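Novice: Chains as they are written, first to last, in my numbering: chain A, 1 to 164; chain B, 1 to 103.
Quick reminder that beta carbons are idealized off the backbone N, C-alpha and C, glycines included.
This structure is a prediction, so every number in the text was calculated from the model and none was measured.
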Amino acid sequence: MSAHQLAFLVLGVLILVSALMVVTVRNLVHAALFLILCFAGVAGLYVLLQAEFLAVAQVLIYIGAITVLILFGIMLTRKITGGAQPPLASHWKAAGAGAGAFLLLLLYVAMTGQWQVSDQPPMDSTTTLGLALVTRYVLPFELASVVLLAALVGAVLLARDETR
Amino acid sequence: MEIPLSWYLILAAILFAVGVYGALARRNAIAILMSIELMLNAVNINLVAFARYVTPRELTGQIFAIFIMMLAAAEAAVGLGLVLTVYRNLRHIQVDEINLLRS
Chain A
1 MSAHQLAFLV LGVLILVSAL MVVTVRNLVH AALFLILCFA GVAGLYVLLQ AEFLAVAQVL
61 IYIGAITVLI LFGIMLTRKI TGGAQPPLAS HWKAAGAGAG AFLLLLLYVA MTGQWQVSDQ
121 PPMDSTTTLG LALVTRYVLP FELASVVLLA ALVGAVLLAR DETR
Chain B
1 MEIPLSWYLI LAAILFAVGV YGALARRNAI AILMSIELML NAVNINLVAF ARYVTPRELT
61 GQIFAIFIMM LAAAEAAVGL GLVLTVYRNL RHIQVDEINL LRS
């Protein structure tokens, strides 16, 4: 087993264990911290896949922004008296069965699919992405700014206290 | 190319299924948002793996992954805005007890 494969297995176990903790652990703050661990593992996978730009973006956006946002959300909505309520809904067995069936389908496709793996060396990630985003994908790139603006305005509008 | 492409696909499939389970089974709306982020990450792993293994000269999958990250940020912001609004009106965010539309 090579070093790459060993790194993949370590990262994979880290990602899956922390993801399972995110969906099962009772304390939401702990779940958010495990989510950070999971995102960090995914950033490691991006490094293994030679996608350096995405690895840095993952750390900046997911770990830096989204989990902090989620932690703020937990902080603002946590009941001070609660805590005794079960974290899982009563239909969690059905949910597990559905997710398991879906997993079997995905695994079937992943194992039996014939992908045309190219043996060319990969391009430099950051240069290629930068060029592609301002040439071929310039319209989606500009639309992304509109989406972000709409989300910003929408989030402010939703969270605003109208009684004041 | 020491790692087969299918390893990434299997890992992403398991991560996605964990996210699906969390989104269906958790009661807290913020926990459901976290599960959705897990699913988006699984999709991103798939896209980046395909970009590396199938189209290493164009890296189209990485472009897709960037847009998914952008949409995930927007989704988290709007989703938390919704959760805060629900919390302000109902004083809880347990999704199986939110039945305002039930007659």
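Could you tell me the alpha carbon to alpha carbon distance between Thr127 (chain A) and Ile61 (chain A), rounded to whole angstroms?
Specialist: Their Cα atoms are separated by approximately 20 Å.
Novice: Which parts of the region 5–50 of chain A are runs of the alpha helix (DSSP H), unbroken and 4 residues or longer, counting only runs that do not cross its ends?
Specialist: If we require 4 residues or more, the alpha helix (DSSP H) runs fully inside the region 5–50 of chain A come out as 28–48.
Novice: Go through its chain and collect everything with a Cβ distance to His4 (chain A)'s Cβ below 7 Å, but skip five positions before and after it.
Specialist: Only Leu48 meet the Cβ criterion.
Novice: Find out if the Cβ-Cβ distance for the pair Ile32 (chain B), Ala23 (chain B) is shorter than 8 Å.
Specialist: For Ile32 (chain B) and Ala23 (chain B), yes; Cβs fall inside 8 Å.
Novice: Report the rounded CA-to-CA distance for Ala165 (chain A) versus Leu11 (chain B), giving the unit in angstroms.
Specialist: This structure does not reach residue 165 (chain A), given that chain A is present from 1 up to 164, and the question cannot be answered.
Novice: Return yes when the Cβ of Ile63 (chain B) is within less than 8 Å of the Cβ of Asn44 (chain B), no when it is not.
Specialist: In this structure, Ile63 (chain B) does not lie closer than 8 Å to Asn44 (chain B) by Cβ.
Novice: Where does Asn89 (chain B) fall in DSSP's three states?
Specialist: Looking at Asn89 (chain B) - three-state DSSP - the assignment turns out to be helix.
Novice: Based on the DSSP secondary-structure assignment, which residues constitute the bridge partners of Leu88 (chain A)?
Specialist: Paired residue(s): B:Arg26.
Novice: Answer with buried or exposed for Thr81 (chain A), where buried requires no fewer than 16 other C-beta atoms within 10 angstroms of its C-beta.
Specialist: Only weak support exists for where Thr81 (chain A) lies, its pLDDT of 41 falling under 50; the value from the coordinates is given anyway. Counting Cβ neighbours within 10 Å, Thr81 (chain A) comes out exposed, since fewer than 16 surround it.
Novice: Interface residues of chain A around Val78 (chain B) at Cβ under 8 Å?
Specialist: Under the 8 Å cutoff, chain A gives Ala151, Gly154, Ala155 and Leu158.
Novice: I need the DSSP call for Gln58 (chain A), collapsed to helix, strand or coil.
Specialist: Of the three classes helix, strand and coil, the one that applies to Gln58 (chain A) here is helix, per DSSP.
Novice: For a minimum of 4 consecutive residues, which ranges assigned as the alpha helix (DSSP H) are wholly contained in the region 91–134 of chain A?
Specialist: The region 91–134 of chain A contains these whole alpha helix (DSSP H) runs: 92–112 and 125–134.
Novice: Can a CB atom of chain A be found closer than 8 Å to the CB of Leu84 (chain B)?
Specialist: For Leu84 (chain B), the answer is yes, since a Cβ of chain A falls inside 8 Å of its Cβ.
Novice: Under the rule that 16 or more other beta-carbon atoms within 10 Å means buried, what is Ser90 (chain A), buried or exposed?
Specialist: Exposed, because fewer than 16 other Cβ atoms sit within 10 Å of the Cβ of Ser90 (chain A).
Novice: Output, in chain order, the set of chain B residues within a Cβ distance shorter than 7 Å of Gly44 (chain A).
Specialist: None at all; the shortest Cβ gap to chain B is about 11 Å.
Novice: Straight-line CA distance for Phe72 (chain A) to Gln120 (chain A)?
Specialist: Whole-angstrom Cα-Cα distance: 45 Å.
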